[in-house]
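First up is the structure itself, then whatever we jot down about it.
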Amino acid sequence: MKGDVFSGLTEFSDIIFIRDTSVTTSVTGLTGLTYDSTGLVGYYVRPGESATAITLATQTVTGAYSSGGFVEIDATNMPGFYRIDWPVAIFATGVRSAFAVLSGATNMEAVRCQWDITSFEKSDETSDDRLVNIDEASAPSEIREEMDSNSTQLAAIVEDTGTTLPTTLSEIDAVVDTIQTTTDKLDDTLVLNGEGTEYQFTEDALENGPSGGTGEADWTDAEKQQMRDALGVDGDKTTATGGQLQTLDTVADGIKAVTDLIPDAGAMTSIAQEATIEALNDISPSEVNSEMLDVLNVDTFGEPGSGQPAITISLVDKIGWLYKYFRNKKVSTSTGLDLYEGTGSTVDNSRTHTGSDTEVTVDTWDE
Numbered sequence: 370m371k372g373d374v375f376s377g378l379t380e381f382s383d384i385i386f387i388r389d390t391s392v393t394t395s396v397t398g399l400t401g402l403t404y405d406s407t408g409l410v411g412y413y414v415r416p417g418e419s420a421t422a423i424t425l426a427t428q429t430v431t432g433a434y435s436s437g438g439f440v441e442i443d444a445t446n447m448p449g450f451y452r453i454d455w456p457v458a459i460f461a462t463g464v465r466s467a468f469a470v471l472s473g474a475t476n477m478e479a480v481r482c483q484w485d486i487t488s489f490e491k492s493d494e495t496s497d498d499r500l501v502n503i504d505e506a507s508a509p510s511e512i513r514e515e516m517d518s519n520s521t522q523l524a525a526i527v528e529d530t531g532t533t534l535p536t537t538l539s540e541i542d543a544v545v546d547t548i549q550t551t552t553d554k555l556d557d558t559l560v561l562n563g564e565g566t567e568y569q570f571t572e573d574a575l576e577n578g579p580s581g582g583t584g585e586a587d588w589t590d591a592e593k594q595q596m597r598d599a600l601g602v603d604g605d606k607t608t609a610t611g612g613q614l615q616t617l618d619t620v621a622d623g624i625k626a627v628t629d630l631i632p633d634a635g636a637m638t639s640i641a642q643e644a645t646i647e648a649l650n651d652i653s654p655s656e657v658n659s660e661m662l663d664v665l666n667v668d669t670f671g672e673p674g675s676g677q678p679a680i681t682i683s684l685v686d687k688i689g690w691l692y693k694y695f696r697n698k699k700v701s702t703s704t705g706l707d708l709y710e711g712t713g714s715t716v717d718n719s720r721t722h723t724g725s726d727t728e729v730t731v732d733t734w735d736e
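For reference, each letter of the sequence shown is one residue, going 370 to 736 in my numbering.
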């Protein structure tokens with residue numbers, strides 16, 4: 370069995386189960402043991418220490434803690450269950466684990482126990498869900514290092530909160546004020562459209578626009594006039610009468626008029642096909658003759674494969690079968706003829722012979 374305990378306990382009573390090894394067909398508890406049963410012994414060990422004997426002593430089921438106390442709980446209703454009061458020396462501070470064993474009695478299966486020992490314990494003065502302060506002197510070195518690290522980080526946070534953070538917040542506030550000053554000037558310049566989906570300039574955008582020209586100065590009359598000239602607006606309102614935008618619009622209309630004359634994709638395909646056909650019509654007899662000679666003298670063709678030749682095949686295949694028959698290895702027997710493929714190692718086609726001494730019937734090629 371295995372469990373977790375706190376270091377420095379002043380008492381620890383436990384319940385253990387002892388199996389009867391004489392019963393092999395089921396798990397049965399061993400009854401009748403007492404603290405002084407023949408052969409019954411107990412030992413415990415802690416890392417870095419020697420095994421220490423446990424002095425077993427008499428005890429009652431409901432008695433106060435007594436180191437080494439051992440007593441059977443109820444032989445009839447809970448056979449095999451015993452109370453034992455473990456020596457608190459097992460759980461002294463300084464180690465992280467401990468082990469104990471009870472064994473030796475007749476028909477007794479040894480009981481082995483293991484505990485993980487920690488330095489935490491619950492406070493008697495608070496609720497069970499809260500932990501008291503850790504005794505740094507008795508805490509493991511890893512916990513002490515973590516406590517020191519946390520203390521350093523907490524001190525840094527406290528210091529930063531008192532000095533750097535207010536300065537940072539002040540800088541952020543100044544930036545927000547600057548942004549607000551700029552966006553306030555847009556109120557007379559931008560408005561939502563009728564659908565409320567996007568902003569657009571008002572008719573008086575040039576007159577009431579945000580700062581222009583240089584620095585924070587408002588638009589000068591000269592700058593406003595330059596903008597009107599560029600936009601092609603008449604007077605103070607946005608009625609286009611000419612200017613660079615109008616020029617761009619005129620140019621765009623001219624470009625569109627030209628591109629509208631370009632045929633669509635289907636028409637371009639037809640033009641390409643017609644050009645291809647026209648080019649074919651221009652081939653001379655000498656070019657045709659040259660291509661035919663190239664097919665006959667230069668191009669190569671593989672021999673027909675295995676299987677029976679069809680009745681109706683291309684001229685190329687027919688020539689191929691004739692060439693294969695006259696070129697390749699053939700083996701004739703009393704019953705048939707085998708035609709091999711080009712290397713002469715594998716039979717590609719076979720046909721049978723039937724008949725008498727005066728008449729022979731040759732079948733078509735088989736696969």
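In this text, a Cβ means the ideal position worked out from N, Cα and C, and glycines have one as well.
Applying the 10 Å Cβ sphere with the 16-neighbour rule, what's the burial state of residue i?
i: ILE384; result: exposed
i: ARG415; result: buried
i: GLY432; result: exposed
i: GLN677; result: exposed
i: MET516; result: exposed
i: THR379; result: exposed
i: GLU441; result: buried
i: PHE460; result: buried
i: ILE453; result: buried
i: GLY401; result: exposed
i: ASN650; result: exposed
i: ASN666; result: exposed
i: THR495; result: Any reading at THR495 must be qualified, since the residue scores a pLDDT of 46, below 50, and its modelled position is unreliable; the value itself is stated next. Flag for THR495 reads exposed.
i: LYS693; result: buried
i: ILE423; result: buried
i: ASP498; result: At ASP498, the pLDDT of 46 sits below 50, so the modelled position is not reliable; the number obtained from the coordinates is stated separately. Answer is exposed; the Cβ neighbour count stays below 16.
Report the option in the options whose CA atom is closest to the CA atom of residue i.
i: GLY674; options: SER639, GLY711, PRO654 and VAL657; result: GLY711
i: VAL464; options: ALA444, GLY417 and VAL716; result: GLY417
i: SER703; options: THR550, THR723, VAL685 and ASN718; result: THR723
i: GLY438; options: ILE680, VAL457 and LEU425; result: LEU425
i: TRP455; options: TYR413, LEU706 and SER488; result: TYR413
i: VAL396; options: GLY449, TYR709, TYR434 and ALA444; result: GLY449
i: THR445; options: THR394, ARG481, SER406 and LEU399; result: LEU399
Excluding the 5 residues flanking residue i on each side, which residues of the same chain have their C-beta closer than 7 Å to its C-beta?
i: SER520; result: none
i: GLY689; result: PHE670, GLU672 and PRO673
i: TYR451; result: ILE385, ILE387, LEU402, PHE439, VAL440, GLU441 and ILE442
i: ASP622; result: none
Assuming residue i contacts residue j under a Cβ cut-off of 8 Å, what Cβ separation, rounded to an integer in Å, is found between them?
i: ILE486; j: SER376; result: 5 Å
i: THR390; j: MET477; result: 7 Å
i: VAL470; j: ALA479; result: 6 Å
i: GLY705; j: SER719; result: 6 Å
i: PRO632; j: ILE640; result: 7 Å
i: SER737; j: THR462; result: The structure shown does not extend to residue 737, since the chain spans only 370 to 736, so no value can be given for it.
i: VAL392; j: PHE381; result: No, VAL392 and PHE381 are not in contact; Cβ-Cβ is about 30 Å, not under 8 Å.
Which residues in the same chain as residue i place their Cβ atom closer than 6 Å to its Cβ, once the five residues preceding and following it in sequence are excluded?
i: MET410; result: Met is not the amino acid found at residue 410; the sequence shown has Val there. For VAL410, where only same-chain residues beyond five positions count, the Cβ hits under 6 Å are GLY473.
i: GLN483; result: LYS371 and PHE468
i: GLU540; result: none
i: GLY408; result: GLY473 and ALA474
i: THR427; result: TYR404
Using a Cβ-Cβ cut-off of 8 Å (strictly less than) and excluding sequence neighbours within five positions of residue i, which residues of its own chain qualify?
i: VAL685; result: PHE670
i: THR429; result: VAL440
i: TYR709; result: ASN697, LYS698, LYS699, VAL700, THR715, VAL716 and ASP717
i: SER466; result: ARG415, PRO416, GLN483, TRP484, ASP485 and ILE486
The ligand ADP and residue i: does the residue's C-beta get closer than 6 Å to at least one heavy atom of that ligand?
i: GLY449; result: This structure does not include the ligand ADP; it has no bound ligands of any sort.
Uninterrupted alpha helix (DSSP H) stretches inside the segment 653 to 720 (no shorter than 4 residues) | 654 to 666 and 684 to 696
Counting only runs that start and end within the segment 395 to 441, where is the alpha helix (DSSP H) found for 4 or more residues in a row?
-> none
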